[in-house]
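*Asks:* Numbering (this note's numbering), first residue to last: 168 to 325.
All C-beta atoms, glycine included, are put in the ideal place defined by N, C-alpha and C.
These numbers come from a predicted model, not from an experiment.
#1: In terms of residue numbering, what span does the beta strand (DSSP E) encompassing residue 193 cover?
#2: Roughly how far, in whole angstroms, is the beta-carbon of residue 218 from the beta-carbon of residue 248, given that I think they are within contact range, below 8 Å?
#3: Mind checking residue 299: buried by the 16 CB within 10 Å criterion, or exposed?
#4: State the DSSP-derived secondary structure class of residue 212, mapped to helix, strand or coil.
#5: Check whether the Cβ atoms of residue 231 and residue 212 sit closer than 7 Å, and answer yes or no.
#6: Using 8 Å as the Cβ pair cut-off and three pairs as the minimum, do the region 199-214 and the region 229-245 touch?
#7: Based on the DSSP output, what are the partners of residue 226 in its beta bridges?
#8: Residues in its own chain within less than 7 Å of residue 259 by CB, not counting five upstream and five downstream?
Structure representation (structure tokens):
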């Protein structure tokens, strides 16, 4: 009886967190690619993601039909960056779908933003590509600086 109450308490604390209304509870492979979500944690084998909130902590659960599950704790900053990324791309996609006098350079159907990130797009301005690359690099180095600072606080050299 006590064990059952303990299990219910643990399960009740971990709640599914909706990153953005446009995404829903489960983030599928297409949404991961469209909004460049959690690129540091996902690969080609991930079929979908679920984000959980446990008080002030966030947990990312990835499910792969071939490899099983993985869980990562992510920071609130990472969650905010991902939400901001969705907002920026929604604004961009809406602006591209509107007809105006601006001319977009037509690229091929595949555009490579980095060694590990490739997206399918037909219209994308060079300025936007540069902005996305810059954001990805900035996010990477911010995380590295935080990790280095945490390690130094623990007494490690790097």
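*Replies:* A quick look at the data gives this:
#1: 193-195
#2: Actually they are not in contact, since the Cβ atoms of residue 218 and residue 248 sit about 13 Å apart, beyond 8 Å.
#3: buried
#4: coil
#5: yes
#6: yes
#7: 219 and 240
#8: 295
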